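J.: Heads up, the sequence shown is in the numbering used here, so the first residue is 1 and it goes up one at a time.
Yeah, the Cβ is synthetic: ideal placement off N, Cα and C, and Gly gets one too.
Note that this is a predicted model, so its numbers are computed, not measured.
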Amino acid sequence: MSESEESQTASATALRRRLVDVEVAEAERRVLQDDLRHSEERFAILETTTFDAILIHDKGVVLDCNLSFAEMFGYARSEVLGSDPLSYGTPESRPLIIANIASGYEEPYEVTGERKDGSIFAAELRGKAIPYGEGMALMVAIRDISERKEVERAHGRRLMLAHVHRTILEMERVEDFSKVVELFSRELRALGSEFDALGVNTIDEQAGVLISYTIYSGDKALMVHNPLGHPTNQELLKYWRRQEVWERVPDAAFEKATRDYGEAGYRPEVVIDAPFEQGTLALGLQGVLGDNDELIELLQACCPLLSLGYSRSRDLGLRRRAEEELEERVVERTGALEREIAERLVAEEALKVSLREKELLLKEIHHRVKNNMQVVSSLLDLQASQLDDPVVLDMFRDAQNRVRTMVLVHEKLYQTDNLARIDMADYIAELVTDLMDSYEREANSVDLTIDVEQVALDVDLAVPCGLILNELVSNAFKHGFPVGRKGEVRIVLKGDADGELVLKVADDGAGMSADLDLAKTKSLGLKLVQVLVVQIRGRLEVQREGGCAFVIHFPAIQG
1 MSESEESQTA SATALRRRLV DVEVAEAERR VLQDDLRHSE ERFAILETTT FDAILIHDKG
61 VVLDCNLSFA EMFGYARSEV LGSDPLSYGT PESRPLIIAN IASGYEEPYE VTGERKDGSI
121 FAAELRGKAI PYGEGMALMV AIRDISERKE VERAHGRRLM LAHVHRTILE MERVEDFSKV
181 VELFSRELRA LGSEFDALGV NTIDEQAGVL ISYTIYSGDK ALMVHNPLGH PTNQELLKYW
241 RRQEVWERVP DAAFEKATRD YGEAGYRPEV VIDAPFEQGT LALGLQGVLG DNDELIELLQ
301 ACCPLLSLGY SRSRDLGLRR RAEEELEERV VERTGALERE IAERLVAEEA LKVSLREKEL
361 LLKEIHHRVK NNMQVVSSLL DLQASQLDDP VVLDMFRDAQ NRVRTMVLVH EKLYQTDNLA
421 RIDMADYIAE LVTDLMDSYE REANSVDLTI DVEQVALDVD LAVPCGLILN ELVSNAFKHG
481 FPVGRKGEVR IVLKGDADGE LVLKVADDGA GMSADLDLAK TKSLGLKLVQ VLVVQIRGRL
541 EVQREGGCAF VIHFPAIQG
């Protein structure tokens, strides 16, 4: 190929390449135009439908905003474009905004927005870097959260009141009222209330004087108890007797009072007084008079709680004093009781000693009576040894047995610890044994059965019962069983259904003649039995079938 042909071919190739480049560039332009049109459409949709205010800025200049932003801040959209984005936040919020922009912080955060008319509102911001034009810009979404913050504040106020109320109900000491006030102060600050100090006074309405005045400033509390002689009390009382929460500018009396109470640096611009039934809570703060409606409303709701808290504190104080007085009386009475108990113990010990002495003396008396009667029995026995007449000897033996019956009672008494009552089962067994020894010849072929319950009788009842037994058993041995005749003597002492005692002496011996009249009997023994039955207020019954039985009913308790 010639050089001319090669040159034409190269030119054609270069032209085709330029045509391709033009077509590619045209295609890219069409794509960019489509992207721009779609972007404008999306922004227009965002402009007309979003509820958030949108602001786009870069390097301290607003590049664009939506209609919601302009309406939220009270500007025309044209006024916003080109302005400083920081101008829409309060001076206090700007450092936080600048820091978040510098760090690229993209999470929501809260600031205070400032409108064109100077009014402020709570706002939530969220920034994000986006492509814009040929570079990047920061898009910020702003939401007015005033209503949400108001709901949160209302909820916070309710929680505060509930917390204070619960703390009041949990008060256990009079000093806890100061804790309630301290809690009240902390809760107010937690809700965003800024104040220099909080003071609480209590008033004696009848006396017309202050009882105490306490200023809470920071972490310290200065309390003045009973400032009755303070010259400014009367001047302060005229402020603290109002019926509703109100605000005022501190006057000379207030400043003098705080200065005298040691708060020389306490200089509030506005004082809000919240009266309760027993005094007043006063807040001192820096601010403008008439610009504290929200705080006044909150304090108004707190006044009943302060009244409740102080009433409970006063009740606890009264209860404490009552408990202290009661404790003093208890201590005093306990001391008196201890002295009385000690005196009583001494007296009881003296009585025990005296009783032991009397018991020893009584035992000695029973012992001597028993010995003396034993002497009488021995004298009778000695006298009987000189006699030969069987009839007279029987009389002496009967007399000895009667004496022995009484001797046994006194012997039992001085041998036991119970000096007033006799165990009848033991007494009857020993008495009958002695009688069988005495009537050995007659009783040799007689079986003796004793059926006695566990009964204890007074001495005055045991002696006549023993004598009755002596006579009846002796009579059975002598007359019921002639020498050599076998039989049984049965002795019973039991209680009956009527609450009386039943003494029964029965034998199956020869028996008693039917025509024998006990009222006319000449037997000394049977006469003695009848006399003794009357003495124990008993009833005597004689049963003559199958031998002879004497049944006596008598009350167990004489009187």
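Below 8 angstroms on the Cβ atoms is my contact criterion, and I expect I120 with G113 to pass it. Report the Cβ-Cβ distance as a whole number of Å.
T.: Counted from its first residue, the sequence shown places residue 120 at position 120. Counted from its first residue, the sequence shown places residue 113 at position 113. Correct: roughly 7 angstroms between the Cβ atoms.
J.: Assuming R126 is part of the beta strand (DSSP E), what are its boundary residues?
T.: By 1-based counting over the sequence shown, the position of residue 126 is 126. Segment I120 to Y132, the beta strand (DSSP E) holding R126.
J.: CB F477 to CB Y427, shorter than 7 angstroms?
T.: To locate residue 477, count along the sequence shown from 1; it is residue 477. To locate residue 427, count along the sequence shown from 1; it is residue 427. Result no, Cβ atoms of F477 and Y427 do not sit closer than 7 angstroms.
J.: Give the secondary structure of M436 by DSSP, where H, G and I count as helix, E and B as strand, and everything else as coil.
T.: If you number the sequence shown from 1, residue 436 lands on position 436. If DSSP states are grouped into helix, strand and coil, M436 belongs with the helices.
J.: If we define contact as Cβ-Cβ less than 7 angstroms, is L161 a contact residue for chain C?
T.: Annotation note: the requested chain C is absent from the structure, which comprises a single protein chain.
J.: Here's a check: name, in chain order, each residue in its chain whose Cβ is nearer than 7 angstroms to the Cβ of G538, leaving out the five neighbours to either side.
T.: As a first step, residue 538 must be located in the sequence shown, where it is residue number 538. Excluding positions up to five away in sequence, the list reads I552, H553 and F554.
J.: In whole angstroms, what is the alpha-carbon distance linking P108 and A154?
T.: Here residue 108 corresponds to residue number 108 of the sequence shown, with the count starting at 1. Here residue 154 corresponds to residue number 154 of the sequence shown, with the count starting at 1. Each residue's alpha carbon lies about 22 angstroms from the other.
J.: Using the DSSP secondary-structure output, state which residues sit across from Q543 in a beta bridge.
T.: Counting from one through the sequence shown, the residue named residue 543 turns up at place 543. According to DSSP, which records beta bridges pairwise, Q543 is partnered with A549.
J.: Secondary structure at M136, three-state DSSP: helix, strand or coil?
T.: Here residue 136 corresponds to residue number 136 of the sequence shown, with the count starting at 1. In this structure, M136 counts as strand in the three-state DSSP scheme.
J.: Buried or exposed: where does S474 fall if 16 or more other Cβ atoms within 10 Å of its Cβ makes it buried?
T.: To locate residue 474, count along the sequence shown from 1; it is residue 474. That one is buried.
J.: Where does E500 sit, in a helix, a strand or coil, going by DSSP?
T.: In the sequence shown, residue 500 corresponds to position 500, counting from 1. DSSP places E500 in strand when its eight states are reduced to three.
J.: Please name the residue, chosen from A420, L159, D437 and L308, that lies closest to R397 on a Cα-to-Cα basis.
T.: Your numbering for residue 397 matches position 397 in the sequence shown. Looking at the Cα atoms, D437 is the closest of the given residues.
J.: Report back the beta-carbon spacing between G425 and D458 to the nearest angstrom; my notes put them in contact at under 8 angstroms.
T.: Counted from its first residue, the sequence shown places residue 425 at position 425. Counted from its first residue, the sequence shown places residue 458 at position 458. Gly is not the amino acid found at residue 425; the sequence shown has Ala there. No, A425 and D458 are not in contact; Cβ-Cβ is about 16 angstroms, not under 8 angstroms.
J.: Measure the alpha-carbon distance for R94 versus M160 and round it to whole angstroms.
T.: Locating residue 94 in the sequence shown gives position 94, counting from the first residue. Locating residue 160 in the sequence shown gives position 160, counting from the first residue. So the alpha carbons of these two residues sit roughly 31 angstroms apart.
J.: Should G480 be labelled buried (16 or more other beta-carbon atoms within 10 Å of its own) or exposed?
T.: Position 480 of the sequence shown, counting from 1, holds the residue named residue 480. By the 10 Å Cβ count, G480 comes out buried.
J.: CB-CB under 8 angstroms to R544, same chain, minus the five flanking residues each way: which ones, in chain order?
T.: Position 544 of the sequence shown, counting from 1, holds the residue named residue 544. Counting only Cβ-Cβ distances below 8 angstroms, and skipping sequence neighbours, we find G511, M512 and A514.
J.: Give me, in chain order, the residues of the same chain whose beta-carbon lies closer than 7 angstroms to that of L305; leave out the 5 immediate sequence neighbours on both sides.
T.: In the sequence shown, residue 305 corresponds to position 305, counting from 1. L161, V164, H165 and I168, listed in sequence order.
J.: Between N100 and the ligand GDP, is the CB less than 6 angstroms from at least one heavy atom?
T.: Absence of the ligand GDP is noted for the structure shown, with no ligands found whatsoever.
J.: Based on the DSSP output, what are the partners of K494 in its beta bridges?
T.: As a position in the sequence shown, residue 494 is number 494, starting the count at 1. According to DSSP, K494 bridges with V502.
J.: Quick one: Cα of A141 to Cα of L125, how far?
T.: Reading the sequence shown from its first residue, position 141 is the one you call residue 141. Reading the sequence shown from its first residue, position 125 is the one you call residue 125. Spanning the two alpha carbons is a distance of roughly 6 angstroms.
J.: Quick one: what does DSSP say L379 is sitting in, helix, strand or coil?
T.: As a working note, residue 379 is residue 379 in the sequence shown. Reduced to three states, the DSSP call for L379 is helix.
J.: In terms of residues, what are the limits of the beta strand (DSSP E) holding A76?
T.: Within the sequence shown, residue 76 is the residue found at index 76, counting from 1. Element bounds for A76: n/a, residue is neither H nor E.
J.: From I491 to V529, what distance separates their C-alpha atoms?
T.: On the sequence shown, position 491 is the one that residue 491 refers to. On the sequence shown, position 529 is the one that residue 529 refers to. If I take the Cα positions, the gap works out to 16 angstroms.
J.: Using C-beta distances below 8 angstroms, list every residue in its chain close to A456, excluding the 5 sequence neighbours before and after it, in chain order.
T.: Taking the sequence shown and counting its residues from 1, the one referred to as residue 456 is at position 456. Around A456: N418, R421, I422, D423 and M424.
J.: Could you give the DSSP three-state label for G511: helix, strand or coil?
T.: Stepping through the sequence shown from its first residue, residue 511 is reached at position 511. Three-state result, G511: coil.
J.: Tell me the DSSP secondary structure of V463 in three-state form.
T.: Counted from its first residue, the sequence shown places residue 463 at position 463. Here V463 sits in helix by DSSP.
J.: Only counting the same chain, and skipping five residues up and downstream in sequence, which positions put a Cβ closer than 8 angstroms to that of D460?
T.: Taking the first residue of the sequence shown as position 1, residue 460 is located at position 460. Excluding positions up to five away in sequence, the list reads Q558.
J.: Counting along the chain, where does the beta strand (DSSP E) carrying I450 start and finish?
T.: Within the sequence shown, residue 450 is the residue found at index 450, counting from 1. Note, I450: beta strand (DSSP E), V446 to V452.
J.: Is the beta carbon of K494 less than 7 angstroms from the beta carbon of E453?
T.: Position 494 of the sequence shown holds residue 494. Position 453 of the sequence shown holds residue 453. Against a cut-off of 7 angstroms, the Cβ pair of E453 and K494 comes out as a contact.
J.: Could you check the C-alpha separation between L392 and C548 for me, to the nearest Å?
T.: Taking the first residue of the sequence shown as position 1, residue 392 is located at position 392. Taking the first residue of the sequence shown as position 1, residue 548 is located at position 548. Per the sequence presented here, residue 392 reads as Val, with Leu not at that position. Cα to Cα, the separation comes out at about 26 angstroms.
J.: Just reading off the alpha helix (DSSP H) that I168 is part of, what are its end residues?
T.: On the sequence shown, residue 168 is found 168 positions in, with the first residue counted as 1. Per DSSP, I168 belongs to the alpha helix (DSSP H) from S146 to L169.
J.: Taking I56 as part of the beta strand (DSSP E), name the residues at either end of that continuous run.
T.: Here residue 56 refers to the residue found at position 56 of the sequence shown. Start and end: A53 to D58.
J.: For T202 and R115, I'd like the C-alpha separation in whole angstroms.
T.: To locate residue 202, count along the sequence shown from 1; it is residue 202. To locate residue 115, count along the sequence shown from 1; it is residue 115. Looking at the two C-alpha atoms, the distance is approximately 45 angstroms.
J.: Considering just the uninterrupted stretch of the alpha helix (DSSP H) at L516, what are its terminal residues?
T.: For the purposes of this step, residue 516 is taken as residue 516 along the sequence shown, with counting starting at 1. Counting along the chain, L516 falls outside any alpha helix (DSSP H), and DSSP gives it neither H nor E.
J.: Going by C-alpha distance, which of A399, E471, Y88 and E340 is nearest Q374?
T.: As a working mapping, residue 374 is identified with position 374 in the sequence shown. It is A399 whose Cα lies nearest to the Cα of Q374.
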